[in-house]
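A.B. asks: Numbering (my numbering), first residue to last: 2 to 165.
Beta carbons are placed, not taken as given, at the ideal position from N, Cα and C, and that holds for glycine.
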Ligand code: S3P
């Protein structure tokens with residue numbers, strides 16, 4: 002079974018995925034890294050400059066379809082995977098269990114508000130609109146919802162283990 006972590010930018014997917022990978026001795030896949038490789042870019046900004054968000058989404062779909070075929074991996078997704086239902090459908094068809102790391106917008110701003118690496122988290126007003134539009138999608142696809150606001154990444158990982 003794949004463990005698929007979904008959630009908004011800054012919700013801790015990558016950190017929790019690494020902890021789970023160690024605990025369970027399962028390989029960890031960082032989807033964003035593979036998207037960068039496929040787009041032949043070093044940074045997210047370069048991909049968005051090269052082909053806009055649509056290039057990112059096209060590469061992300063290809064990466065997701067490859068990841069969904071794997072078995073027994075921990076998969077840290079990009080925050081926008083829920084925009085394309087085909088992605089989550091394929092993760093589920095492949096036997097993946099989907100964990101939504103639920104984080105308040107205020108906490109996300111504290112965590113990544115000053116980080117300039119994410120093209121879609123530069124303007125906080127726009128990011129909040131994106132956040133509000135995405136929450137129903139994360140909830141729709143989640144098998145398990147984990148509140149991360151009051152938990153450390155290790156505690157979130159334990160909640161994932163409890164949810165398996
Ligand atoms: C995105 C989130 C990013 C990355 C891309 C788009 C989004 O991943 O996939 O910049 O649309 O929310 P993280 O959630 O890992 O930051």
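For residue 22, which residues of its own chain have a beta-carbon under 6 Å away from its beta-carbon, when the five flanking residues on both sides are left out?
C.D. replies: The answer, listed in chain order, is 29, 75.
A.B. asks: May I ask you to check if the CB of residue 162 is nearer than 7 Å to at least one heavy atom of ligand 1?
C.D. replies: The answer is no for residue 162.
A.B. asks: With a cut-off of 8 Å on the beta carbons, I'd call residue 101 and residue 139 a contact; round off their distance for me.
C.D. replies: That belief holds up - the Cβ atoms of residue 101 and residue 139 are roughly 5 Å apart, short of 8 Å.
A.B. asks: Measuring straight from C-alpha to C-alpha, what distance separates residue 27 and residue 120?
C.D. replies: Rounded to the nearest angstrom, the two C-alpha atoms are 30 Å apart.
A.B. asks: How should residue 61 be labelled, buried or exposed, when 16 other C-beta atoms within 10 angstroms of its C-beta is the threshold for buried?
C.D. replies: Residue 61 should be labelled buried.
A.B. asks: Quick one: what's residue 148 bridged to in DSSP?
C.D. replies: The partner list for residue 148 (beta bridge, DSSP) reads 103.
A.B. asks: State the beta-bridge partners of residue 98 as determined by DSSP.
C.D. replies: Bridge partners of residue 98: 4.
A.B. asks: Considering only the beta carbon of each residue, do residue 20 and residue 137 sit closer than 8 Å?
C.D. replies: No, the pair does not count as a contact, with Cβ atoms beyond the cut-off.
A.B. asks: Short of 7 Å in beta carbon distance, which residues of its chain neighbour residue 95, apart from the five on each side in sequence? Order them along the chain.
C.D. replies: The residues are 3, 69, 70.
A.B. asks: Quick one: grab the DSSP three-state call for residue 42.
C.D. replies: Looking at residue 42 - three-state DSSP - the assignment turns out to be coil, as it is neither helix nor strand.
A.B. asks: If you count every other CB in all the chains shown that lies within 10 Å of the CB of residue 14, and 16 or more means buried, which is it?
C.D. replies: So residue 14 ends up on the buried side.
A.B. asks: Is there a C-beta anywhere in chain B that falls below 8 Å from the one on residue 38?
C.D. replies: Protein chains in the displayed structure number just one, and chain B is not present.
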